[in-house]
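Engineer:
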Amino acid sequence: MLRRFQASFVLLVCLVSVRAAAAEPTDEPTSEEPPTDEAPTAQPPTKRPPATVTTEEIPAEVKPAAEAKPAAEAKPAAEPGSWQTEVHGYFRAPMALGISSRPGPDGGQDPITGKLIGPSSTQITYGPNRTIDANYYSFAYTRLQEQDWAELFIHAKKKHVDAALGWMGYWFQAVGVRNYDAGWAPGLAYVALDTDFGDADLKPNIAFTAGAFWPSFGYFEKYDTYTLGRFRQLGAQLKLTWPLSPDLTVTPVLGFGTGRDGTFNPNAPAFYGATTAVDLVAYANVKASYAKFADVGVHVNTEWTADPNLAKGAMPDPKSYAAVQAAHLSVLGAEVNLRAPYLGHLWISPSFISVRNGWALNSSGTEVMHSLGGMGIATNYMAWTNNPDNSTGSGSMLNFGFLYENTLSDIQGKAPGSVPELTLSLFGLLADASLDLPAGSDVMQTGSTALQTSIKQFKYGADLTLQSLTWLAFMLRYDLVNYDLDHSGYVFASFTGRAIISSHFLSSERIYIQYSRYRYGDNMTLAGTWPWLAPLVAGSDVLQAGPYARTTPDVNVVKLQADIAF
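Encoded structure:
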């Protein structure tokens, strides 16, 4: 508690200091959150002229003989610059079809094995229902079968000010059946203020952001996840950009926020359906950048709660407030980017995660390693099955992500933008989880009576893209996902070919069609489970339940997708 108080006090001092810093007039606009946007500009305030004293205010004995000239009329302060409106967004619209030959569900079942025994015919199904790598909140996710997503941000900007309002959602409602769990309500809203200070040619900049926004660190583009964390929060962030030389810049970031945990009852009276508690999130990151060649960042964050609103029971038990209050999800890690002419780009990011009573931190706060909150980590890696006697969702993880990229033009020392162009990527992600199981747990290893005290998972891949024309490209990709390095059968692989068209390969829009061919280990099935009956892929016990559960997923998946960032 003392450490938390100290951290809060330090953050309060920083927030007070930024108010003073923001009062200084500046001459140059700077960049701020989000990093891809130029900072808006506003005219600096005009200094008022010094106050004048009239002769009537001077005593007669010191009043000069000649009458003083009337004081100059004070000029009004300059008005701030006008607002500018910008619209930014992103969407992807995929059509994924699983193709397989299977018996119909109405053809009867073998009385001993339970397998369907009717005549087989070709089935063409909604892709995510018959694959195991389509769930964003699972280590099995490869991004080959990513699903609907759209976001739209409206920015109101002027010098040193950016106010943004964003809508986000993951299900296109006009396509057919409506998904009432999808977003499409205002998701993010924040105001960012920044200012330069000092008289040097290289002026430091301080930026203060407050509202609902998602700061992120350790982003792994190939798997669309975070090794360090993205924070879904209402809160504030202080960012200092300090250029020590033309080539060397240091950027520390401090943030504090809250995530809303809770449940919703659609049958409750209007406005009163949500039962809510807050999870608290604090994070710090320091990055040093040297020219275009390297940047190194170190990072720490923690999430916890001191809100009893979701644990109101009067009697102590494994899920009472004492256990909720002891819950935490903490991350310590780093990320490094190295770039060199001819040699390409290397990104590496190790991290360490500690979680205790992860079930108590649900649906908000920290997104890390394909998991949302402590509940996500507990479910995916700590054998949580909603039974504290078997697992409390506690333990630790060692993670390591890597990505290497290079292009033919870079190897040849040419500037990018010409065709033909070849791009090679090699990538992988390791998750080594150690489970802290309670005495008497029945979380057993496969085919053994020994406790499953660790789960080691590793996935890796490679892709090669040929940009043959400015508007046409072809990609080949290989992926392998091993769900349990210590036990066989928990593995699958995919081979993917993709044809891509766009207005220009340096543009940000594309339409592509791809074909993926899968191979599965014996234990990688639809609605598959661990030996302790937790689902291998989060949510598959719901989405893939039915007559095809425990059968082989589709081996042939065809996908057509349009996407753009603007």
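Per my numbering, residue 29 is the first one in the sequence shown, and the count goes up by one each step. Ideal Cβ positions, reconstructed from N, Cα and C, are used throughout, including at glycine.
Go ahead and label residue 409 buried or exposed: buried means 16 or more other beta carbons lie within 10 angstroms of its beta carbon, across all protein chains shown.
Structural biologist: Buried is the call here.
Engineer: What did DSSP end up calling residue 503 once you bin it into helix, strand or coil?
Structural biologist: Note: residue 503 maps to strand in three-state DSSP.
Engineer: Please state if the CB of residue 176 and the CB of residue 170 are separated by a distance shorter than 8 Å.
Structural biologist: For residue 170 and residue 176, no; Cβs fall outside 8 Å.
Engineer: If you draw a straight line from the C-alpha of residue 403 to the C-alpha of residue 461, how long is it?
Structural biologist: For residue 403 and residue 461, the distance between alpha carbons rounds to 15 Å.
Engineer: Does DSSP put residue 412 in a helix, a strand or coil?
Structural biologist: Note: residue 412 maps to coil in three-state DSSP.
Engineer: Taking the alpha-carbon of residue 274 as reference, which of 317, 301, 258 has the nearest alpha-carbon?
Structural biologist: Cα-wise, what sits closest to residue 274 is 317.
Engineer: Using the rule of at least 16 other Cβ atoms within 10 Å of the residue's Cβ for burial, across every protein chain shown, is residue 532 buried or exposed?
Structural biologist: Its Cβ having fewer than 16 others within 10 Å, residue 532 is exposed.
Engineer: Would you call the stretch 421-441 in contact with the stretch 469-476, where contact means no fewer than 3 C-beta pairs closer than 8 Å?
Structural biologist: No, they do not touch.
Engineer: Beta-carbon separation of residue 153 and residue 129 under 8 Å?
Structural biologist: No. Outside cutoff.
Engineer: The alpha helix (DSSP H) spanning residue 350 covers which residue range?
Structural biologist: From DSSP, the alpha helix (DSSP H) with residue 350 extends over 349-353.
Engineer: Looking only at C-alpha atoms, which of 359, 388, 298, 372 sits nearest to residue 339?
Structural biologist: Cα-wise, what sits closest to residue 339 is 388.
Engineer: Hey, would you say residue 527 sits closer than 8 Å to residue 507, going by beta carbons?
Structural biologist: Cβ distance not < 8 Å, so residue 527 and residue 507 don't count as in contact.
Engineer: Specify, as a first and last residue, the run of the beta strand (DSSP E) that residue 189 falls within.
Structural biologist: Segment 189-197, the beta strand (DSSP E) holding residue 189.
Engineer: Could you give the DSSP three-state label for residue 246: helix, strand or coil?
Structural biologist: Strand.
Engineer: From residue 218 to residue 138, what does the alpha carbon distance come to, in whole angstroms?
Structural biologist: So the two alpha carbons sit approximately 59 Å from each other.
Engineer: Which one of 477, 481, 475, 452 has the shortest CA to CA distance from residue 463?
Structural biologist: The option with the nearest alpha carbon to residue 463 is 481.
Engineer: Quick check on residue 529: does DSSP put it in helix, strand or coil?
Structural biologist: Looking at residue 529 - three-state DSSP - the assignment turns out to be strand.
Engineer: Anyone know if the C-beta pair for residue 591 and residue 200 falls short of 8 Å?
Structural biologist: Contact flag unset, no.
Engineer: What number of angstroms, rounded off, separates the C-alpha of residue 540 from the C-alpha of residue 529?
Structural biologist: Each residue's Cα considered, the two are about 6 Å apart.
Engineer: For residue 194, which residues in the same chain have their Cβ closer than 8 Å to its Cβ, ignoring the five residues on either side in sequence?
Structural biologist: The answer, listed in chain order, is 179, 180, 181, 182, 214, 215, 216, 217.
Engineer: Check whether the Cβ atoms of residue 379 and residue 360 sit closer than 8 Å, and answer yes or no.
Structural biologist: Going by C-beta atoms, residue 379 is nearer than 8 Å to residue 360.
Engineer: State whether the stretch 277-284 contacts the stretch 295-313, with contact taken as three or more CB pairs (one from each stretch) at a distance under 8 Å.
Structural biologist: Yes: the two stretches touch, three or more of their Cβ pairs being nearer than 8 Å.
Engineer: Going by DSSP, what residues sit across from residue 129 in a beta bridge?
Structural biologist: Beta-bridge pairing links residue 129 to 150.
Engineer: Where does residue 50 sit, in a helix, a strand or coil, going by DSSP?
Structural biologist: The predicted position of residue 50 is uncertain, since its pLDDT is 38 and thus under 50; no value can be drawn from it.
Engineer: If you check the beta carbons only, do residue 491 and residue 517 fall under 8 Å apart?
Structural biologist: Against a cut-off of 8 Å, the Cβ pair of residue 517 and residue 491 comes out as no contact.
Engineer: Verify the CB distance criterion: does residue 523 have a CB-CB separation below 8 Å to chain D?
Structural biologist: The structure shown has no chain D; it contains just one protein chain.
Engineer: In the DSSP assignment, what residue or residues form a beta bridge with residue 472?
Structural biologist: DSSP output for residue 472 lists 479 as bridge partner(s).
Engineer: My output table needs one value for residue 407: the three-state DSSP class, helix, strand or coil.
Structural biologist: Reduced to three states, the DSSP call for residue 407 is helix.
Engineer: Comparing alpha-carbon positions, which option in 487, 502, 524 lies nearest residue 511?
Structural biologist: That would be 487, whose Cα lies nearest to the Cα of residue 511.
Engineer: Should residue 13 be labelled buried (16 or more other beta-carbon atoms within 10 Å of its own) or exposed?
Structural biologist: There is simply no residue 13 to check, as the chain begins at 29 and stops at 594 in what is shown.
Engineer: Considering just the uninterrupted stretch of the beta strand (DSSP E) at residue 460, what are its terminal residues?
Structural biologist: From DSSP, the beta strand (DSSP E) with residue 460 extends over 449-463.
Engineer: Buried or exposed: where does residue 110 fall if 16 or more other Cβ atoms within 10 Å of its Cβ makes it buried?
Structural biologist: With fewer than 16 other Cβ atoms within 10 Å, it is exposed.
Engineer: Using 10 angstroms around the beta-carbon of residue 343, count the other beta-carbons present and answer buried if the total reaches 16, otherwise exposed.
Structural biologist: When all chains shown are included, residue 343 counts as exposed.
Engineer: Thinking residue 435 and residue 451 are a contact (beta carbons under 8 Å), I'd like their distance in whole angstroms, please.
Structural biologist: That pair is a contact at about 5 Å.
Engineer: Jot down the residue ranges of each uninterrupted beta strand (DSSP E) in the stretch 220-283, minimum 3 residues, whole runs only, in chain order.
Structural biologist: Fully enclosed beta strand (DSSP E) runs of 3 or longer: 233-241, 244-248, 253-271.
Engineer: Taking the CB atoms as reference points, tell me whether residue 407 and residue 329 lie closer together than 8 Å.
Structural biologist: For residue 407 and residue 329, no; Cβs fall outside 8 Å.
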